[in-house]
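Remarks on the structure that follows.
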Amino acid sequence: MKIREIRVAGLRGATPEGGWSVELRPDDVVHTLVAVHSDSGLVGVGSAFTSENLVRAALDVLAPLCVGDTALEPERVSENLHQHTFWLGRGGALTHTISAIDIALWDLLGQATGQPVGRLLGGRHRERVRPYASVLMDEPERLAANLAELAEQGFRAFKIGWGPFGRVSAAVDEAIVRSAREAVGPDALLAVDAGGSDAHWRGDLKWALRTAAMLEDHQVAWFEEPLRPDAIEDFAALRSRALVPISGGEVLTRRQSFRPCLEQRAFDIVQPDTTKVGGLSESRRIGWLAQEHGVRLIPHGWNTAVGLLADLHLASALPDTDLVEYKTGSPYIDGITEQPFQLDADGMLPIPTGPGLGRQLDPDRLARFADAEELLRP
Numbered sequence: 086m087k088i089r090e091i092r093v094a095g096l097r098g099a100t101p102e103g104g105w106s107v108e109l110r111p112d113d114v115v116h117t118l119v120a121v122h123s124d125s126g127l128v129g130v131g132s133a134f135t136s137e138n139l140v141r142a143a144l145d146v147l148a149p150l151c152v153g154d155t156a157l158e159p160e161r162v163s164e165n166l167h168q169h170t171f172w173l174g175r176g177g178a179l180t181h182t183i184s185a186i187d188i189a190l191w192d193l194l195g196q197a198t199g200q201p202v203g204r205l206l207g208g209r210h211r212e213r214v215r216p217y218a219s220v221l222m223d224e225p226e227r228l229a230a231n232l233a234e235l236a237e238q239g240f241r242a243f244k245i246g247w248g249p250f251g252r253v254s255a256a257v258d259e260a261i262v263r264s265a266r267e268a269v270g271p272d273a274l275l276a277v278d279a280g281g282s283d284a285h286w287r288g289d290l291k292w293a294l295r296t297a298a299m300l301e302d303h304q305v306a307w308f309e310e311p312l313r314p315d316a317i318e319d320f321a322a323l324r325s326r327a328l329v330p331i332s333g334g335e336v337l338t339r340r341q342s343f344r345p346c347l348e349q350r351a352f353d354i355v356q357p358d359t360t361k362v363g364g365l366s367e368s369r370r371i372g373w374l375a376q377e378h379g380v381r382l383i384p385h386g387w388n389t390a391v392g393l394l395a396d397l398h399l400a401s402a403l404p405d406t407d408l409v410e411y412k413t414g415s416p417y418i419d420g421i422t423e424q425p426f427q428l429d430a431d432g433m434l435p436i437p438t439g440p441g442l443g444r445q446l447d448p449d450r451l452a453r454f455a456d457a458e459e460l461l462r463p
């Protein structure tokens with residue numbers, strides 16, 4: 086089975102706010118679906134956390150390197166794409182686009198073999214995984230109301246992030262966290278994301294140390310991106326002194342970027358984004374590397390239904406990955422598949438058991454946000 090064609094469709098019309106200093110608008114395209122069509126008629130789908138224009142430009146370089154190659158060897162094909170584009174610069178749009186191609190190839194391999202992707206990645210350590218509801222911070226009362234509603238829907242784990250946190254005052258930060266903890270109760274998992282990869286982030290090591298102590302008082306599960314992404318030495322100093330676990334890595338690409346973070350003991354938790362870091366092939370290798378250093382991998386998942394499916398299968402294949410991010414309120418997650426995601430009575434998501442990613446895009450529902458006909462037609 087050979088790769089016949091690669092097609093692209095950006096998602097627009099319902100892009101959720103990201104909490105960024107230059108806020109996203111509904112028609113901004115930051116999530117792009119990729120479909121790899123094979124000569125057998127099977128189609129695999131992937132997702133890239135980057136704009137459609139960048140993906141199309143990257144495919145001008147990448148498609149000639151993989152069209153006509155086998156569709157049944159995702160890791161080899163993806164590594165070939167990395168190796169032959171090294172001179173163009175590792176990371177960025179090329180790696181993001183390879184991520185989507187890689188996910189799509191794993192989907193194709195699963196369909197061709199009749200196996201779920203997680204089994205092909207090495208085995209299913211679990212049949213379900215806990216999603217944490219990912220929510221932008223807000224004024225305490227509005228945030229508490231949002232979290233209470235999500236708890237009513239069945240979520241047992243939550244992450245609040247970005248917005249005013251670290252941008253107004255220590256009193257505002259604590260009021261937000263206290264309100265969130267009261268809303269979700271003492272037993273729920275609650276994580277806090279400072280959003281240190283935002284433009285011109287000003288939180289430094291001293292701020293992060295003071296804030297980490299406050300978060301420990303509120304039983305926060307981890308403190309995410311409290312520093313700028315490249316501040317590895319400060320991350321290591323923070324991790325060595327803070328009682329709350331420290332996490333980061335969502336903007337890094339490829340395993341080579343994670344190695345110094347792990348070797349310098351910068352993180353308790355690494356958070357590669359499968360739709361940016363190089364796909365499932367790369368995320369799995371980062372997971373193995375993290376395990377060797379005693380670090381957990383919890384994937385960053387501010388993406389699409391396809392990205393969430395990829396994370397579910399990744400979680401099934403890594404023994405220590407028992408959480409996935411669920412961006413709440415996004416139609417790109419909840420409104421483009423034939424079968425919607427559904428929490429069970431314990432607030433868990435079942436990991437699909439069908440071939441490939443195990444869930445199909447619904448062309449009619451997808452057509453509200455993208456050119457589904459162009460993406461998926463035979």
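Going by the numbering used here, the first residue of the sequence shown is number 86, and it counts up by one from there.
Think of the CB as a built atom: it goes at the ideal place given N, C-alpha and C, for glycine as much as any other residue.
Integer Cβ distance of residue i from residue j, believed to fall under 8 Å
i      : j      : result
THR182 : ALA260 : With a Cβ gap of about 41 Å, THR182 and ALA260 do not count as contacting.
LEU275 : ARG266 : 6 Å
ASP258 : GLY251 : 6 Å
ALA293 : PRO311 : 4 Å
TRP307 : ILE354 : 6 Å
GLY364 : ASP187 : 3 Å
LEU382 : ALA390 : Rounded, the Cβ-Cβ distance is 21 Å, inconsistent with contact.
VAL409 : VAL114 : About 23 Å; that fails the 8 Å criterion.
Distance between residue j and residue i (C-alpha atoms, nearest Å)
i      : j      : result
ALA242 : GLY333 : 18 Å
TYR217 : VAL128 : 30 Å
ALA402 : PRO345 : 24 Å
LEU393 : THR406 : 14 Å
PRO435 : ARG110 : 32 Å
PRO472 : GLY414 : Since the first residue of the chain shown is 86 and the last is 463, residue 472 is not available in this structure.
GLY131 : ARG453 : 18 Å
SER366 : PRO159 : 7 Å
GLU226 : ASP396 : 32 Å
ILE245 : SER282 : 15 Å
ASP278 : PRO271 : 19 Å
LEU190 : GLU224 : 43 Å
ILE421 : TYR411 : 15 Å
HIS116 : LEU179 : 15 Å
CYS151 : LEU118 : 18 Å
TRP373 : GLY207 : 11 Å
SER254 : ARG295 : 12 Å
VAL329 : ARG313 : 18 Å
ALA230 : ALA273 : 16 Å
ARG340 : PHE171 : 14 Å
GLN304 : ARG462 : 50 Å
LEU228 : ALA142 : 39 Å
LEU290 : LEU173 : 34 Å
ASP315 : GLY439 : 39 Å
GLU234 : ASP419 : 17 Å
MET222 : GLU301 : 18 Å
THR137 : SER342 : Checking the sequence shown, residue 137 turns out to be Glu, not Thr. The straight-line gap from Cα to Cα measures roughly 25 Å.
ASP112 : TRP387 : 17 Å
SER184 : THR135 : 11 Å
Residue i: CB within 8 Å of a non-hydrogen atom of the ligand HEM
i      : result
ALA256 : Only the bare structure without any ligand can be found here, which leaves the ligand HEM out of the picture.
Own chain, CB closer than 6 Å to residue i, minus 5 neighbours either side, in chain order
i      : result
GLN349 : ILE317, ALA321
GLY176 : THR338
GLU335 : GLN356, ASP358, HIS385
ARG92  : ALA120, LEU460
ILE139 : Before going further, note that residue 139 is Leu rather than Ile in the sequence given. Correct list, in chain order: ALA178.
Same chain, Cβ closer than 7 Å to residue i, neighbours up to 5 away in sequence not counted
i      : result
GLY153 : LYS87, ILE88
ALA351 : ILE317, PHE320, ALA321, ARG324
GLU212 : PRO435, ILE436
LEU232 : VAL220, PHE243, ALA265, ALA268, VAL269
LEU194 : LEU157, PRO159, LEU205
SER368 : PRO357, THR359, VAL362, PRO384, LEU399
HIS169 : LEU150
GLN464 : Past the boundaries of the shown model lies residue 464; the chain is included only from 86 to 463, so the question cannot be answered.
GLY203 : ARG209, HIS398, SER401, ALA402, ILE436
Cβ neighbours of residue i in the same chain (closer than 8 Å, five flanking residues each side left out)
i      : result
ALA472 : There is no way to answer for residue 472, as the model of the chain reaches only from 86 to 463.
LEU428 : PRO216, GLN238, GLY239, PHE240, LEU434
VAL380 : LEU347, PHE352, ASP353, ILE354, VAL355
ASP456 : ALA94
GLU458 : PRO448, ALA452
GLN196 : LEU127, GLY129, PRO440, GLY441
CB contact below 9 Å: residue i versus chain B
i      : result
GLN304 : Among the chains in the structure shown there is no chain B, since it carries only a single protein chain.
field: Within the stretch 233 to 275, ranges of the beta strand (DSSP E) (whole runs, at least 3 residues)
entry: 242 to 246
query: Are at least three pairs of beta-carbons, each pair with one atom in the stretch 358 to 378 and one in the stretch 92 to 108, less than 8 Å apart?
result: no
query: For the 8 Å Cβ check, are there 3 or more pairs between the stretch 101 to 113 and the stretch 156 to 163?
result: no
- request: Could you tell me whether the stretch 230 to 241 touches the stretch 428 to 443, where touching means 3 or more Cβ pairs closer than 8 Å?
  value: Here the stretch 230 to 241 makes contact with the stretch 428 to 443; the two share three or more CB pairs at distances below 8 Å.
- prompt: Would you call the stretch 137 to 148 and the stretch 120 to 127 in contact, with 3 or more CB pairs under 8 Å?
  reply: no
message: Runs of 4 residues minimum, wholly inside the stretch 393 to 428: which ones carry the alpha helix (DSSP H) assignment?
response: Whole alpha helix (DSSP H) segments, 4+ residues: 416 to 419.
message: List, from N- to C-terminal side, the alpha helix (DSSP H) runs of 4 residues or more that fit wholly inside the stretch 265 to 324.
response: 290 to 302
query: Where are the alpha helix (DSSP H) runs, 4 residues long or more, that stay fully inside the stretch 328 to 394, in chain order?
result: 339 to 348, 359 to 362, 365 to 377
- prompt: Which whole runs of the beta strand (DSSP E) in the stretch 205 to 230 are 3 residues long or more, in chain order?
  reply: 213 to 221
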